[in-house]
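Chains as they are written, first to last, in the working numbering: chain X, 45 to 208; chain P, -10 to 165; chain S, 2 to 119. Note that CB positions come from ideal geometry on N, CA and C, so glycine has one too. These notes concern the structure reproduced below.
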Amino acid sequence: MSESASEADPEAAETADDLRSYVESPIIMATVRVVSPFVFTYGLYLMFHGANSSGGGFQGGVVVATVMLMLGIAFGIDPLREWVGESTLVLVVVAGVFAFLAIGVVTTLPPFGGGFLDYSALGFPGASKYGIEAVELFIGVVVASTITGLFFAIDAGKEGGDNE
Amino acid sequence: MNVELPLIAFVLASALATAVLRDVLGAIIAFATYSLGIAVVWVVLQAPDVALTEAAVGAGVTTVLFLLTIAKTVRPSGDRVLERPHWPALAVAVLFVGVLATTLGALPEIGAADTTVITSEVTEYYLANAYEEAGVKNAVTAVLAAYRGFDTLGEVVVVYSAGVGLLVVLGKEVFA
Amino acid sequence: MIDLLATRDYYLASFLLLGVGTYVMIAARNFVKKVIGMNIFQTGIFLFFIAAAYLEGANPPVLTMDGPHVSPLPHVLILTAIVVGVALTAVALGMIVRIYAEYGTLTEDTLEEVRNGE
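Dropping the structure here:
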């Protein structure tokens, strides 16, 4: 097969060295520096304002994650990963999932006695609205940090592999 | 103005471009275009929440992950621009579409007021009671976080498991 | 016949996208392209759901707008499915990176040869 031959041949295929994931470019760095705070704010807006207009945890989380992707592409993924901290990211993901679970369980406890994720059982006015917004925020945290983590993990490749 | 048909043509054309381009980088770029077109389709079909997600995920995150993968591995290059047609696969795909298309007559008209989804009790209940019961004006959020909150917890756990799964596949303990 | 197609155009588009997705998944030799095909297949299904929720002349399911509204339930299902889809894609790409690290190829035929040769 000609396709497989061309791919096995190192001359004909571009290798990982030709396609580096980071190229320093002042244009990209300047653009990202200007744009990223606004995109980050927009992501938070989507998370918090999802109750009354389009948006929500999943959308906001993905938009916040794209800020991390932009920063990684502009300033290099390795420095960003060191800045974020690898275990911090794992901790944030786990904390987000357990916070969601905790909100669900709290409403079933004796003083409230509602169902799982039954926000109105909490009893204060607007409990349902605030409960939904808290859940949306935690969904956003989990989605944003997981996508950032997937990005870092694919970039780092296999542990002990020849590609870093 | 009727934007439906040009939009559908654009989406199908970019999907076809993704299929026939031989260069993987070209296919990824065509796929990003396709995702953007689909996001506009969601807006036309009055689904702004889905459109926001699709625009950020399809045109943004997925494209970056694909690009990162070919940067980490290999990008085949050759003289030909287009892939040679794979006849057995084409036959399977045409047969598949043909079988699905036979159901077309049994499907309700798009946008008609008497379709099962629009007239169903669930839709009417959500739209009538979302504000009183859940206290939020966006019915999608109300269904997502209140009525189907348990399902959403499951989805969050799926996203979490994807992170864990990737770490297992790559043989690591942290995202690095 | 023309009337049938004109009133069900999004369903037809959805079927065609499913067909394109199937074709790419079977025909593509490169694994990255197979994953792209899987994504196209997914969006075909999403299009079917969202088209089913559509009501001509209706507003989005945000209750600050006047009714009628389109159905919110398919939107919720697809919203979560898109995010799960990106997680699925990421795991598939992680496997591709792993395959490349182990066997040095991303092509179906070459991978088969390499594995048979071992």
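Original post:
Within the 8 Å Cβ cut-off, does I117/X reach chain S?
Top reply: Your numbering for residue 117/X matches position 73 in the first sequence. Cβ-Cβ to chain S under 8 Å: no for I117/X.
**OP:** Please list, in chain order, all residues of the same chain as P54/X whose beta carbon is under 6 Å from its beta carbon, the five residues on each side excluded.
**Re:** For the purposes of this step, residue 54/X is taken as residue 10 along the first sequence, with counting starting at 1. Residue confidence for P54/X is low, a pLDDT of 42 falling below 50, so the modelled location carries little weight and cannot support an answer.
Original post:
Run through DSSP, which three-state label would L56/S get?
Top reply: For this step, residue 56/S is matched to residue 55 along the third sequence. Note: L56/S maps to strand in three-state DSSP.
Subject >> Among S97/X, V138/X and V83/X, nearest to M112/X - alpha-carbon criterion >> reply: Start at 1 with the first residue of the first sequence, and residue 112/X comes out as number 68. Residue V83/X is the option with its Cα nearest to M112/X.
Subject >> Burial state of W31/P (16 or more Cβ within 10 Å) >> reply: Position 42 of the second sequence, counting from 1, holds the residue named residue 31/P. Under this definition W31/P is a buried residue.
Original post:
So with Cβ pairs under 8 Å, would you call E110/P a contact of chain S?
Top reply: The residue labelled residue 110/P in the question sits at position 121 within the second sequence. For E110/P, the answer is no, since every Cβ of chain S falls outside 8 Å of its Cβ.
Original post:
Which bits of chain C does Y24/S rub up against, with CB to CB less than 8 Å?
Top reply: This model lacks chain C altogether, as its protein chains are X, P and S.
Original post:
Can you tell me the Cα-Cα spacing of V106/P and L80/S, whole angstroms?
Top reply: Position 117 of the second sequence, counting from 1, holds the residue named residue 106/P. Position 79 of the third sequence, counting from 1, holds the residue named residue 80/S. Each residue's Cα considered, the two are about 17 Å apart.
Subject >> Opposing strand residues paired with N127/P [DSSP bridges] >> reply: Here residue 127/P refers to the residue found at position 138 of the second sequence. Partner(s): V63/S.
Original post:
Are F156/X and L166/X touching if we call contact CB-CB under 8 Å?
Top reply: Within the first sequence, the letter at position 112 stands for residue 156/X. Within the first sequence, the letter at position 122 stands for residue 166/X. Yes; because the gap between Cβ atoms is below 8 Å, this pair is in contact.
Original post:
Closest by CA to F92/X, which one among L135/X, E177/X, V149/X and S189/X?
Top reply: Position 48 of the first sequence, counting from 1, holds the residue named residue 92/X. Measuring from the Cα of F92/X, the nearest candidate turns out to be E177/X.
Original post:
For F20/P, which residues in chain S fall below 8 Å Cβ to Cβ?
Top reply: Locating residue 20/P in the second sequence gives position 31, where the first residue counts as 1. Ordered by position in chain S, the residues that pass the 8 Å Cβ test against F20/P are I37, N40 and I41.
Original post:
Helix or strand or just coil, what does DSSP make of N96/X?
Top reply: Position 52 of the first sequence, counted from the first residue, corresponds to residue 96/X. In this structure, N96/X counts as coil in the three-state DSSP scheme.
Original post:
Quick one: does V187/X have its CB under 8 Å from some CB of chain S?
Top reply: Indexing the first sequence from 1 puts residue 187/X at position 143. It does: the Cβ of V187/X has a partner Cβ on chain S nearer than 8 Å.
Subject >> Cα-Cα separation between L5/X and Y174/X, rounded to whole angstroms >> reply: In the structure as shown, chain X begins at 45 and stops at 208. Residue 5/X is therefore absent and cannot be evaluated.
Subject >> Interface residues of chain P facing L161/X [CB-CB closer than 9 Å] >> reply: Translated into the one-based positions of the first sequence, residue 161/X becomes position 117. Under the 9 Å cutoff, chain P gives A134, A135, G138, F139, T141 and L142.
Subject >> Contacts that G124/S makes with chain X (C-beta to C-beta distance below 9 Å) >> reply: The structure shown does not extend to residue 124/S, since chain S is modelled only from 2 through 119, so no value can be given for it.
Original post:
Looking only at DSSP bridge pairs, what is T58/P linked to?
Top reply: Reading the second sequence from its first residue, position 69 is the one you call residue 58/P. None, per the DSSP bridge assignment.
Original post:
Does DSSP put T85/X in a helix, in a strand, or in coil?
Top reply: Position 41 of the first sequence, counted from the first residue, corresponds to residue 85/X. In this structure, T85/X counts as helix in the three-state DSSP scheme.
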